[in-house]
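Residue numbers (my numbering), protein chains in the order written: chain B, 120 to 191; chain R, 63 to 540. To start, the structure itself, in structure tokens.
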Amino acid sequence: MTSSVDSEANSGDDMGDVLSRVRQLDATIEEAAVRRYVREIAEADVLLDTVDLDDAPLPVPFSASWPEGSVR
Amino acid sequence: MSNSDTSILELDIRAAGDGFRRRQWSPVDVVRAALERIDATEPELHAWVIVDPDQALQAAARAERELMAGTDRGSLHGIPIGIKDIFDVAGWPTRCGSAARDGVAAATTNAPAVQALIDGGAVILGKTTTQEFAAGTISPPARNPWNPDRIPGGSSGGSAAAVAAGACLGAMGSDTGGSIRIPAAACGVTGFKPAFGQLDAAGVFPLSWSLDTVGPIARTVDDAWIMWKALLGDDTRSPLRPAPEQVERPRRIGIPRSFFFESLHPGVRSAVDAAIEAMRDAELTIVDTPWADAAAARACAFVINRVETAAVHERVAVADPERFSKYGADLRLRVAAGRTVPATVYLKATRARAVLRDSMARLFSDHGIDAVLVPTLPTGAIEADRLVIEGMGLDESVGTAWTRLTMPFNATGQPVLALPCGLDGEGLPVGLQLAGIPGQEAALFETALLVERALDFHRSFTSLLRTGTGAASPEATR
Chain B
120 MTSSVDSEAN SGDDMGDVLS RVRQLDATIE EAAVRRYVRE IAEADVLLDT VDLDDAPLPV
180 PFSASWPEGS VR
Chain R
63 MSNSDTSILE LDIRAAGDGF RRRQWSPVDV VRAALERIDA TEPELHAWVI VDPDQALQAA
123 ARAERELMAG TDRGSLHGIP IGIKDIFDVA GWPTRCGSAA RDGVAAATTN APAVQALIDG
183 GAVILGKTTT QEFAAGTISP PARNPWNPDR IPGGSSGGSA AAVAAGACLG AMGSDTGGSI
243 RIPAAACGVT GFKPAFGQLD AAGVFPLSWS LDTVGPIART VDDAWIMWKA LLGDDTRSPL
303 RPAPEQVERP RRIGIPRSFF FESLHPGVRS AVDAAIEAMR DAELTIVDTP WADAAAARAC
363 AFVINRVETA AVHERVAVAD PERFSKYGAD LRLRVAAGRT VPATVYLKAT RARAVLRDSM
423 ARLFSDHGID AVLVPTLPTG AIEADRLVIE GMGLDESVGT AWTRLTMPFN ATGQPVLALP
483 CGLDGEGLPV GLQLAGIPGQ EAALFETALL VERALDFHRS FTSLLRTGTG AASPEATR
């Protein structure tokens, strides 16, 4: 998992684009910090892919209420 | 500080109130003792950003007069409380721990949560230190009463440090990724993250609007219960029921070991394992309940948190670069980089959230459990000048490591009580989380009360009061 995330997170054009957009807001942010951030999001994305979203509701306001009756 | 003052500060909320009503001491006595405690501890702890002794003593005197006249607002009547500095309190600025909000005007109204505590009779002492805009786990410059070289955790670090130091009997915090539970664990006190959406978070500066919750930090489960009931606007006088002897059936507690018990510091693992054994001895039923979605739940909350934080602060970053430059480096990175997260990732996280909530609900129903129990932090409080976690196969920032075990429950949105369970090998508190079912908070508190009594650790903070901060030891406590 890590190697695919690393290669994805660090792939040249994408990283350059992210860095450019980040530095539009703050030119002092270090590239290493941005790379860490991008890697953490990419790792999270891989984990989210383990969730079966086939029957997931489309985004709606989240309610913490416990599902009533039988759970899916 | 005199011994008598110290002994007042050792009281829990209900005992302090009982003394008011028996006229053994008064709200003014307790508030004065708390103010003296703040004076004595602040040079090391930096837990408070605003303290208003005159206003607090006036409020305490008013509470005293009301009680003398027969007006009793309940168990919080006359009790000194601190408020995290992201909540609006009328008359004080909400600075959110940020230089970017220097000079901000004082709030003109109380956040509903603050007003509910005041309506319940609480005396507001002041505002407590927060990590900048509640985005982090360090809470500088606040320090930990158990060892002032260590951080108190965060982002509600000032609130937890103040409660642990005996500077107030309760405090308000907020929890988006663990910010009530993390400092509660690091400081050896009790914190409650309500179910998402159950309390009004208006008047509280947002971090991530679909995850933000507000809740109490206190010394004991019953103290947290009293504050919770006051926050709901309910009667706070009724004791938490049932007492252990009244429990009709053994409580079943599920333990999902994979993910939550990986990469723990040995001292944390020992303390939590000992706590689980103590619970078994107290005839709580402990069952293994593997939950395969824990890592995904953490990822879900992480993505939502990061993207929404960027959205909250983006306008300042774009429209007022000078003000944005006053943000700390970590938050500037979060805001600037958070804007670049693909919308598809954020939307995937929001959809996954409902699936993960259902997955957790199924864990409860399949195993017939009352609560899930896991550690709160993988380590004890770390040194303020060394903010990385190394060893145990880890080399990462405290922010990443310390939210690993708390964030999954922000994704599921369920209520969670964090309570202390023992000490690690360095004499620092270790905490555990009890996660329950939304809408069944009373049952969660009752289960937590049984756990608290089985562990009998919750009064160990009194050693801090007797010896001053930083002098607690395993021998002095247990």
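C-beta: ideal position from N, C-alpha, C; glycine also. Predicted model, so just to flag it, every value in this text is computed and none were measured.
What separation, rounded to the nearest whole angstrom, lies between the Cα atoms of Asp171 (chain B) and Ala161 (chain B)? 18 angstroms
Less than 7 angstroms separating the Cβ of Arg415 (chain R) from some heavy atom of the ligand ATP? With respect to the ligand ATP, the structure offers nothing, as it holds no ligand at all.
Arg243 (chain R), DSSP secondary structure in three states: helix
Less than 8 angstroms between CB atoms is the rule here; does Gln308 (chain R) satisfy it with respect to chain B? For Gln308 (chain R), the predicted model reports a pLDDT of 48, less than 50, meaning its position is unreliable and no value from the coordinates is stated.
Within-8 angstroms CB hit, Met63 (chain R) to chain B: For Met63 (chain R), the predicted structure reports a pLDDT of 36, less than 50, and the residue's modelled location is therefore unreliable. The matter cannot be settled from this model.
Is the stretch 215-235 of chain R touching the stretch 128-143 of chain R in the sense that three or more CB pairs, one from each, lie closer than 8 angstroms? yes
How about Ala151 (chain B): is its C-beta nearer than 8 angstroms to some C-beta of chain R? no
DSSP three-state label for Arg342 (chain R), please. helix
Ends of the beta strand (DSSP E) at Gly235 (chain R)? Gly232 to Asp237
Residues that Pro155 (chain R) bridges to, as DSSP identifies them: R:Ala168
Alpha-carbon spacing of Leu395 (chain R) relative to Leu144 (chain B), whole angstroms: 9 angstroms
Should Ile366 (chain R) and Ser270 (chain R) be called a contact, given that it needs their Cβ atoms to be closer than 8 angstroms? yes
Alpha-carbon to alpha-carbon, Ala264 (chain R) and Arg452 (chain R): Residue 452 (chain R) is actually Glu in this sequence, not Arg. Roughly 39 angstroms separates the two Cα atoms.
Tell me whether Glu508 (chain R) is buried or exposed, calling it buried when 16 or more other Cβ atoms sit within 10 Å of its Cβ. buried
Take the Cβ of Pro278 (chain R) as the centre, count every other Cβ of all protein chains shown within 10 Å, and call the residue buried at 16 or more, exposed below. buried
Considering only residues of the same chain and omitting the five flanking positions on each side of Asp74 (chain R), which have a CB-CB separation below 7 angstroms? Arg281, Thr282, Asp284 and Asp285
Since I believe Gly182 (chain R) is in contact with Leu138 (chain R) (beta carbons under 8 angstroms), could you give me their beta-carbon distance rounded to a whole number of angstroms? 4 angstroms
What residues match up with Ile112 (chain R) in a beta bridge as DSSP calls it? R:Lys189
Where the stretch 400-414 of chain R meets chain B: residues whose CB sits under 7 angstroms from a CB there: Arg401, Thr402, Val403, Val407, Leu409, Lys410, Ala411, Thr412, Arg413 and Ala414
Looking at the structure shown, is Pro352 (chain R) part of a helix, part of a strand, or coil, going by DSSP? coil
Which residues in the same chain as Gly430 (chain R) place their Cβ atom closer than 8 angstroms to its Cβ, once the five residues preceding and following it in sequence are excluded? Arg314
Whose C-beta lies closer than 7 angstroms to the C-beta of Gly455 (chain R) among residues of the same chain, with five residues either side of it excluded? Ser325
Euclidean distance between Cα positions of Ala510 (chain R) and Leu479 (chain R): 7 angstroms
Consider the Cβ of Val365 (chain R): report whether some Cβ of chain B lies at a distance smaller than 8 angstroms. yes
Boundaries of the beta strand (DSSP E) in which Thr275 (chain R) is found, first to last residue: Thr275 to Ala280
Assumed close pair His327 (chain R), Pro440 (chain R) - CB separation to whole angstroms, cut-off 8 angstroms: 6 angstroms
For Phe149 (chain R), which of helix, strand or coil comes out of DSSP? strand
Ala121 (chain R): which of R:Pro89, R:Pro312, R:Arg243 and R:Ile70 sits nearest, CA to CA? R:Pro89
When the cut-off is 8 angstroms and only beta carbons count, does Arg559 (chain R) lie next to chain B? No statement about residue 559 (chain R) is possible, as the shown extent of chain R runs from 63 to 540 and does not include it.
To the nearest angstrom, how far is the alpha carbon of Thr371 (chain R) from that of Thr170 (chain R)? 25 angstroms
Taking 8 angstroms as the threshold (beta carbon to beta carbon), is Pro500 (chain R) in contact with chain B? yes
Output needed for Ala118 (chain R): all residues of its chain with C-beta closer than 6 angstroms, excluding positions within five of it in sequence on either side, in chain order. Val93, Val185 and Leu187
DSSP three-state call for Val403 (chain R): helix, strand or coil? coil
In terms of DSSP beta bridges, what is Pro142 (chain R) paired with? R:Val185
Going by beta-carbon coordinates alone, are Asn472 (chain R) and Thr238 (chain R) separated by less than 8 angstroms? yes
Three-pair Cβ contact test at 8 angstroms for the stretch 334-346 of chain R versus the stretch 385-405 of chain R: no
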